[in-house]
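Chains as they are written, first to last, in this note's numbering: chain P, 1 to 257; chain B, 1001 to 1395; chain R, 2001 to 2329; chain F, 3001 to 3249; chain X, 4001 to 4291.
Read through the structure below, which is laid out as structure tokens, and then see the notes.
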Ligand SMILES: Nc1ncnc2c1ncn2[C@@H]1O[C@H](COP(=O)(O)OP(=O)(O)OP(=O)(O)O)[C@@H](O)[C@H]1O
Ligand SMILES: Nc1ncnc2c1ncn2[C@@H]1O[C@H](COP(=O)(O)OP(=O)(O)OP(=O)(O)O)[C@@H](O)[C@H]1O
Ligand SMILES: [Mg+2]
Ligand SMILES: [Mg+2]
């Protein structure tokens, strides 16, 4: 796609990355993450694996500034400029070019599909290109075009998930964070959604961090992966194959106790 | 100067809420009386102190206020706040303590109680309902040719309801056919449709009974819709007496026949009233209180004049003696000569009916001069002639 | 399997008995004290106490629907006024002792509550609140146009003489209102501690989920609107005897609606003593201010108290006490 | 325990839906769907996103009123009954998006159906029974927590626990496993199997095919509001419409 | 009352003009209450504040009230922003029920009302603009400028805000923010700022509505209470968060009131207006334009 070609180019030259060092975080007395080191390098798709309640979402919330670390640092480099995310508000982080497809979708149920998408272009950098972005989203998700005037809240779970991804793309992000995109999707759509993420990544030159339960699907598109167990990084794998081969993954996912 | 404790006069009075405009005006007049009297050495050689609490225009706090005044503050005398609700709410407490009760503008408030120590300052006379609109209907009948039809309209509240009931009786007695008889609710903003409905019944006379915001709304709607065939328009329109509405409506008032309690006409120059009004206006304007002081102030002052005279003459604060004295005396006050009759009402009713004439522009000062509010009724105070029909008089 | 959990602390929290003897005994004692001091105390204090207790009844009644079930009633004044006008109407038809009027008012306004419940059964949240507001306006219009109870002109209800053992009619009114307040609180406690309270709490949190759990939400809501309506109306029934002359603006006063909401909020809506404390506190403040600061400023102070209170203690006094206890333990 | 309704005869289906149709405005979300469940049966209900599964559950349990069709439960016509009446008869569901009672503790959350959904409520034993249920979903250690402090998964478990407390004859689990790890999915499936062993019929709505295949005796497939397949899991899976519309590849 | 076309058309015309004014009164409620979930019961008090500011501007500075209201509305906007910030700080940030906010606004209502009493006194005040004294006649329909001008201003105001809400990013964010506050952050908007702006606009409209009110009728500080019911009724009738709905509902209420008052007798108009609301709620609980 035309609009993205230059982005890819810039991305490659200037680099968009996330670096997390020694991160501790939690909710009040509940400590969820301890001593996380994690890196997402420019142009990569990194999968964040781990069963429920192990802190994947919390980690993503730390990147998005929704949860403040008690210790450690979260930095992002956007087009070569480094930012300390732990000091920024969520909206400012989005403003930098980091977008989130949140857990539970978090759409605006009483706005129409199109209004939801347009709101995605709120940040200054995205506003001018909103028409192109919208056309792009409709091309990627024809279902959304069909339902453009339906209220988001009355769409089915899967339709909503598409809309959530579409809305995130409307912010013209450099880095995309996705929290469990396949939850509640039909098998046919799980694969399609994961493919869409991979495709978007390609077309828009994104850097992606994806938390996902569905190990086989996640692994299909991941360049690297981390496995989170009880708030620690249990495994950091530099290629998909070593993830597949790891005992931990087998134990966690294939129920092989 | 005197070592004796002051004489304390207690009341609850509206200083906030819907009745506050009247309450504050009345209170100022009373304070002026207290100043005057204290300057003259007080009563029985004792200074006078007014003890008052804000009743918030809410009658449900009134019983408590009077119980406190009488039992706890141990005031020597009690008087009422403004208007019927507050008076009646205080009555059981006051009656139980057998206090003399001078009251300010209660409509037939004593009819049910028949309390013999009750004295009421609004000059309605013993039959308020019938008396109120008598002057208006007489003015209507004085026209030539005699009017045949009348429209009655008023607000959904106590005063308008009584005024309308009286007007209905009087109109029937006078042989006027009632062609419109409706009420409107308190929050009405838009009166044009009311006026148009009235107009469509083609009455000769229109009688309105209203509270302040409606009075203004009514007059303006009449101007906009136009009542071409009507001979006489007016009624018991509370609020037209106040400076605020007078100056706002200005020339729109011309021709309107309205009830009033005082007007600066030559026929009403009671001794002391002009000096009082001068002093009242000095203080009212800076306090945001009605700067003309025609409606309630002179009679509020007079109320305390009466009470003061009773105390001085009987040389006592004994309620029985005071009541006896007030019942049997004719008082000369700045509000005129007053004597009380049945149920503590004025023995001789004195509802004034005035017609606004020659008003131009919006200055308040013009209303302080004679000739703007020409008194048509009662004859004793009559100061000019009725202009009609209404469209003529409006010019 | 069940025996495993009998020792768990949460398992021990079996619902307490719905009837509260201590409150009843306190009420009896209160009435006894009132009867004893009848002649020694100035009527002023009786009147002040009456008004405060009237607010206790109002805020307790409001809280049954507003606090327990989460249905915020803006139309308190409508129920209160209907209670007043029941007394007036009965007085016109066939004068009867006040306690009977109070019961009759409870029946009439309970029916109104039931009707409100039916009419608004599909309404949730603010829609319900606005509907109750509208209901009060419609009711006021009806009363204004109903001349049998005085209409716009208002109606007089003269106090009869007080009978033994009461020192005065005001004293009698106070004792009646005390009984009413204790009864209202007992009803609130019973609801709170019984299965009705639990069902209402479930409805408050999520009505659809409650239905799916077998909670007959309509029936419970109707129970709550009826009981709440009856209590609000009974609070209004003696009012004509307090102020002797009632016209629609004084019966449908905004101050009532405001207080009935503000008091439970200041006290706390989750438990029965929240509204009671709130009513006593705010009611007393208003009474004291009326007779101390004799100017328009007293309403100003009520406003400031309200603002300061809800900003400083957002969960009401109940919440404050709970936090204090938590902090201590 | 609940007695079998006198209307019901052996062999008769516990739930029978005929011609159920639901429209939202001009959009037909359910198009004349027929549906039966035998007592003690395990039925999987699958279909693409937006195919009307949740809508179907809502119609069956009374959260929505269908425009057409009749629903019979244990031999009794329940089309016009309120949701709570159906719950009391033993037709119980969990919600796809958890809807806990946020101001009540987990314990009380489970007590609500214990007190309301059972024909004869056990007032004294309810606390113990509630703890048992919390234990069976692994939340007993958090009995006095507020649902606000739970993770998504725990909320789903609570959702299921609340349904259990209502002593269902037929339990409809609407995506109770979405977002669970495989071992947790197995845990829930086992839980459901245990319930089923007690004679409870179960409709499982799920996108996790592994679980659906393992659990279901019969699978019903909805596509665009229409039932396109109904039968033996393996046959249904090989059905070409199903492959095309749902499974992909 | 006997029926006549003259009366009917005039009643409808008056109703529409009244409706235009009601729309101005209710639009701020629709924004604050419908969209932001803030039960601003003090809105009518802000309206009266606007009335007195307009009164002050013409009587002590000689500034035309329509012009002054624009300026004061801007001030009101900034005041509203700070006010919301305080409200946010004390209530929303703590995640409290909007019920607490309700009591808060009751308090604010008393404070504003009594402050006005203390500053301006309790007299009824009114602005009589000579250039609005005209009454146009179209056929037999009378259009008094005193009512028509406020109606036009009210309708224009609602349309302008609707345009703003649907066509600008901040506007859309305002609509979104009430539905999911945190999610607004995910599109890069600051929800608090967004709500600040929205509440500022709501207060701004109150100031303008106040000016319109005092042009139409006499005003004293406690008169605002009477608009609480109507304003909320219009908001609900219109479907809570819909400005076109608010406009239509305001017109419906206005016309219903004038029609009843012409043909049935005015004393029944509140029963008709609010009965209409009750019926709507009973049969279409989400209001006319509810989503
Ligand atoms: N707001 C909160 N307050 C307290 N504890 C919380 C909160 N949110 C999450 N937790 C706890 O933090 C832990 C980690 O939660 P998190 O949502 O990060 O897990 P996850 O790996 O994303 O799991 P899931 O698959 O459920 O999304 C859980 O045990 C949860 O109970
Ligand atoms: N209240 C409503 N108004 C309008 N359309 C609705 C409403 N509720 C559901 N729909 C539509 O009905 C269709 C079926 O929705 P439903 O939630 O039943 O799907 P589902 O099969 O449960 O999907 P998923 O697997 O994604 O949860 C969807 O297209 C949805 O958009
Ligand atoms: Mg998660
Ligand atoms: Mg679904």
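Note that beta-carbon positions come from the ideal geometry of N, C-alpha and C, so glycine has one too.
This structure is a prediction, so every number in the text was calculated from the model and none was measured.
For residue 3008 of chain F, which residues from the same chain have a beta carbon less than 6 Å from its beta carbon, with the 5 sequence-adjacent residues on both sides left out? Translated into the one-based positions of the fourth chain, residue 3008 of chain F becomes position 8. Model confidence at residue 3008 of chain F stands at a pLDDT of 44, short of 50, so the residue's coordinates are unreliable; what they give is reported in the following sentence. If we look at residue 3008 of chain F and ignore the five residues flanking it on each side, its Cβ neighbours are 3074, 3075.
Within chain R, the residues that residue 4267 of chain X reaches when beta carbons sit closer than 9 Å: Within the fifth chain, numbered from 1, the residue matching residue 4267 of chain X stands at position 267. For a Cβ distance threshold of 9 Å, residue set 2141, 2144, 2145, 2152 of chain R lies close to residue 4267 of chain X, ordered along the chain.
6 Å Cβ shell around residue 2199 of chain R - same chain, five flanking residues per side excluded: Taking the first residue of the third chain as 1, we reach residue 2199 of chain R at position 199. For residue 2199 of chain R, same chain residues with a beta-carbon under 6 Å away, outside a window of 5 residues either side, are 2215, 2220 in chain order.
Closest Cα partner of residue 2191 of chain R within the set R/2303, R/2060, R/2148: Counted from its first residue, the third chain places residue 2191 of chain R at position 191. It is R/2060.
Is the closest heavy atom of ligand 2 to the C-beta of residue 3055 of chain F under 7 Å? Stepping through the fourth chain from its first residue, residue 3055 of chain F is reached at position 55. For ligand 2, at least one heavy atom lies less than 7 Å from the Cβ of residue 3055 of chain F.
Using a Cβ-Cβ cut-off of 8 Å, state whether residue 4117 of chain X counts as contacting chain B. Reading the fifth chain from its first residue, position 117 is the one you call residue 4117 of chain X. Answer yes: the Cβ-Cβ gap between residue 4117 of chain X and chain B drops below 8 Å somewhere.
Close beta carbons around residue 943 of chain B, own chain, < 6 Å, minus the five adjacent residues each side: Coverage of chain B is limited to positions 1001 through 1395, which leaves residue 943 of chain B absent and any answer about it impossible.
Measuring only from the beta carbon, is residue 4061 of chain X closer than 7 Å to any heavy atom that is part of ligand 2? Within the fifth chain, numbered from 1, the residue matching residue 4061 of chain X stands at position 61. Not so, every heavy atom of ligand 2 lies at least 7 Å from the Cβ.
Apply the 10 Å Cβ neighbour rule to residue 1139 of chain B and answer buried if 16 or more other Cβ atoms are within range, or exposed otherwise. What you label residue 1139 of chain B is simply residue 139 of the second chain in a count that begins at 1. Buried, by the Cβ-count rule.
What does a CB cutoff of less than 7 Å around residue 222 of chain P pick up in its chain, not counting 5 residues either side in sequence? Here residue 222 of chain P is taken as the residue at index 222 of the first chain, counted from 1. Cβ neighbours of residue 222 of chain P within its own chain (closer than 7 Å, five residues either side excluded): 45, 46, 47, 240.
Residue 142 of chain P to residue 2068 of chain R, Cα distance in whole Å? Position 142 of the first chain, counted from the start, is the residue given in the question as residue 142 of chain P. Position 68 of the third chain, counted from the start, is the residue given in the question as residue 2068 of chain R. About 47 Å.
Does the beta-carbon distance from residue 2154 of chain R to residue 1345 of chain B come in below 8 Å? Position 154 of the third chain, counted from the first residue, corresponds to residue 2154 of chain R. Position 345 of the second chain, counted from the first residue, corresponds to residue 1345 of chain B. Contact: no.
Interface residues of chain B facing residue 4262 of chain X [CB-CB closer than 7 Å]: Counted from its first residue, the fifth chain places residue 4262 of chain X at position 262. The answer, in chain order, is 1193, 1196, 1197.
Quick one: is residue 4236 of chain X near chain R, going by C-beta distance under 8 Å? Position 236 of the fifth chain, counted from the first residue, corresponds to residue 4236 of chain X. In terms of beta-carbon proximity, residue 4236 of chain X lines the interface with chain R, with at least one pair separated by less than 8 Å.
How many Å lie between residue 1171 of chain B and residue 4108 of chain X at the Cα? Start at 1 with the first residue of the second chain, and residue 1171 of chain B comes out as number 171. Start at 1 with the first residue of the fifth chain, and residue 4108 of chain X comes out as number 108. About 48 Å.
Run through DSSP, which three-state label would residue 1350 of chain B get? Position 350 of the second chain, counted from the first residue, corresponds to residue 1350 of chain B. Three-state result, residue 1350 of chain B: coil.
Quick check: is any heavy atom of ligand 6 less than 7 Å from the C-beta of residue 3052 of chain F? Within the structure as shown, ligand 6 is missing, the only ligands being ligand 1, ligand 2, ligand 3 and ligand 4.
Would you decide whether residue 4261 of chain X is buried or exposed? Buried here means 16 or more other CB atoms lie within 10 Å of its CB. As a first step, residue 4261 of chain X must be located in the fifth chain, where it is residue number 261. With 16 or more Cβ atoms within 10 Å of its Cβ, residue 4261 of chain X is classed as buried.
Environment of residue 1360 of chain B [buried if 16+ CB atoms lie within 10 Å]: To locate residue 1360 of chain B, count along the second chain from 1; it is residue 360. So residue 1360 of chain B ends up on the exposed side.
Since residue 4106 of chain X meets chain R, which of its residues come closer than 8 Å, beta carbon to beta carbon? The count along the fifth chain starts at 1 and reaches residue 4106 of chain X at position 106. Under the 8 Å cutoff, chain R gives 2258, 2261, 2262, 2303, 2306.
So within the segment 3037-3105 of chain F, which uninterrupted beta strand (DSSP E) runs reach at least 3 residues, ignoring any that extend past its ends? Counting whole runs of 3 or more residues, the segment 3037-3105 of chain F contains the beta strand (DSSP E) stretches 3042-3046, 3068-3073, 3091-3093.
Measure the Cβ-Cβ separation of residue 1252 of chain B and residue 1220 of chain B and say whether it is below 8 Å. By 1-based counting over the second chain, the position of residue 1252 of chain B is 252. By 1-based counting over the second chain, the position of residue 1220 of chain B is 220. In this structure, residue 1220 of chain B lies closer than 8 Å to residue 1252 of chain B by Cβ.
Would you tell me roughly how many angstroms separate the C-alpha atoms of residue 4106 of chain X and residue 2308 of chain R, rounded to the nearest one? The sequence position of residue 4106 of chain X within the fifth chain is 106, counting from 1. The sequence position of residue 2308 of chain R within the third chain is 308, counting from 1. When rounded, the distance between both Cα atoms is 12 Å.
What are the residues in the segment 4047-4064 of chain X lying within 9 Å of chain R by C-beta distance? Those residues of the segment 4047-4064 of chain X that come within reach of chain R (Cβ to Cβ, closer than 9 Å) do not exist; the list is empty.
Mapping the DSSP letters down to three states, classify residue 2171 of chain R as helix, strand or coil. Numbered from 1 along the third chain, position 171 holds the residue referred to as residue 2171 of chain R. Residue 2171 of chain R falls in the helix class under three-state DSSP.
Thinking residue 3130 of chain F and residue 3165 of chain F are a contact (beta carbons under 8 Å), I'd like their distance in whole angstroms, please. By one-based count along the fourth chain, residue 3130 of chain F stands at place 130. By one-based count along the fourth chain, residue 3165 of chain F stands at place 165. Going by Cβ atoms, the distance from residue 3130 of chain F to residue 3165 of chain F rounds to 7 Å, so yes, they are a contact pair.
With the cut-off set at 8 Å, would you say residue 1131 of chain B and residue 1176 of chain B are in Cβ contact? On the second chain, position 131 is the one that residue 1131 of chain B refers to. On the second chain, position 176 is the one that residue 1176 of chain B refers to. Cβ distance not < 8 Å, so residue 1131 of chain B and residue 1176 of chain B don't count as in contact.
For residue 2019 of chain R, count neighbouring C-beta atoms within 10 Å of its own C-beta (all shown protein chains included) and say buried if the count is 16 or more, exposed if not. Counted from its first residue, the third chain places residue 2019 of chain R at position 19. So residue 2019 of chain R counts as exposed.
In this structure, does DSSP put residue 1372 of chain B in helix, strand or coil? To locate residue 1372 of chain B, count along the second chain from 1; it is residue 372. Residue state, collapsed to three classes: coil.
Whose Cβ in chain B lies nearer than 7 Å to the Cβ of residue 2024 of chain R? Residue 2024 of chain R sits at position 24 when you count from the first residue of the third chain. Per Cβ cutoff of 7 Å: no residues; residue 2024 of chain R is ~29 Å from chain B at best.
The beta strand (DSSP E) with residue 1050 of chain B in it runs from where to where? Here residue 1050 of chain B corresponds to residue number 50 of the second chain, with the count starting at 1. Segment 1048-1054, the beta strand (DSSP E) holding residue 1050 of chain B.
Of all the CB atoms in chain P, is at least one closer than 8 Å to the CB of residue 4239 of chain X? Along the fifth chain, one-based indexing puts residue 4239 of chain X at 239. No, residue 4239 of chain X does not count as interfacial toward chain P.
By a C-beta neighbour count over all protein chains shown, 10 Å radius and 16 as the cutoff for buried, is residue 207 of chain P buried or exposed? Start at 1 with the first residue of the first chain, and residue 207 of chain P comes out as number 207. Under this definition residue 207 of chain P is a buried residue.
For residue 3222 of chain F, name the three-state secondary structure that DSSP assigns. Taking the first residue of the fourth chain as position 1, residue 3222 of chain F is located at position 222. In this structure, residue 3222 of chain F counts as strand in the three-state DSSP scheme.
For residue 4114 of chain X, return the contacting residues in chain R, with the cut-off set at a CB-CB distance below 8 Å. The sequence position of residue 4114 of chain X within the fifth chain is 114, counting from 1. Using a Cβ-Cβ cut-off of 8 Å, residue 4114 of chain X is close to 2296, 2297, 2299, 2300, 2303 of chain R, given in chain order.
For residue 2075 of chain R and residue 2115 of chain R, the rounded distance between their alpha carbons: Along the third chain, one-based indexing puts residue 2115 of chain R at 115. Along the third chain, one-based indexing puts residue 2075 of chain R at 75. Going from the Cα of residue 2115 of chain R to the Cα of residue 2075 of chain R covers about 13 Å.
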